[in-house]
Amino acid sequence: MTTSVTGTAPSSAASGSAVAITITPGASSVPGSASGFTVNNISNLKMTIPTPANSTLVSATASGGTVAGSVSTSGGNVVLTVPGPIAGGTSFTPPAVTINVTAGAAGTPITSKYAGTSYTSPGMTMTTNVALVGNVATSCYPNPSPTLTTTTVS
């Protein structure tokens with residue numbers, strides 16, 4: 001599956017102030033086939049965004065997109081979940097996630113990234129339903145993980 005993610009945040013903030021960071025997934029395409037097998041659909045898509053360093057998580061919300069999604073927090077991360085199913089061979093856009101944080105210490109920036117460093121520590125997971133095989137757990141991660149936003153804290 002091909003996808004992209006961008007982020008927006010203020011360029012600067014005062015220590016202790018509220019900062020809203022918006023992470024926006026781009027259009028994604030579910031392949032119609034993989035390794036010679038037909039992809040029926042994907043479901044339970046989870047995209048993980050770590051709470052940025054030098055900030056304290058206050059809340060997170062999901063909005064927009066062409067498919068329904070919800071956010072939750074787990075282990076210092078914000079997790080966007082799109083239940084699906086989303087048919088193979090189609091395109092969709094997940095909801096944007098707005099992460100509200102409180103800025104930490106002056107002199108250290110708030111930098112947001114996408115989670116994941118390996119297949120065993122992924123930034124995105126889903127269940128892929130493949131013809132003749134059934135459900136397959138699927139994991140992926142950005143390599144390297146791009147910086148999505150940077151806010152200078154003064």
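FYI, the numbering for the sequence shown is 1 to 154, going by full-length UniProt numbering.
Think of the CB as a built atom: it goes at the ideal place given N, C-alpha and C, for glycine as much as any other residue.
The three-state reading of DSSP puts V67 in coil, since its state is none of H, G, I, E or B. In the three-state reduction of the DSSP assignment, G134 falls in the strand class, which pools E and B.
C140 is not a Cβ neighbour of G104, given a cutoff of 9 Å. Shown here for T66: same chain residues with a beta carbon closer than 6 Å to its own, the five before and five after excluded, namely F92 and T93 in chain order. 9 Å or more divides the Cβ of I99 from the Cβ of N41. For P146 and A106, the gap between their C-alpha atoms comes out near 23 Å. A contact between stretches requires three or more CB pairs, one per stretch, nearer than 8 Å, and the segment 74-84 fails this requirement with the segment 12-21.
Here T120 carries a coil assignment [DSSP, helix/strand/coil].
S4: not part of any beta strand (DSSP E); DSSP gives it neither H nor E. About 15 Å separates the Cβ atoms of P109 and T56, ruling out a contact at the 8 Å cut-off. At a Cβ-Cβ threshold of 9 Å, P95 and G76 do not count as neighbours.
Per DSSP, the continuous beta strand (DSSP E) segment holding T24 begins and ends at A18 to P25.
In this model, T8 and V153 are separated by some 16 Å (Cα to Cα).
Collapsing the DSSP output to three states places A105 in coil.
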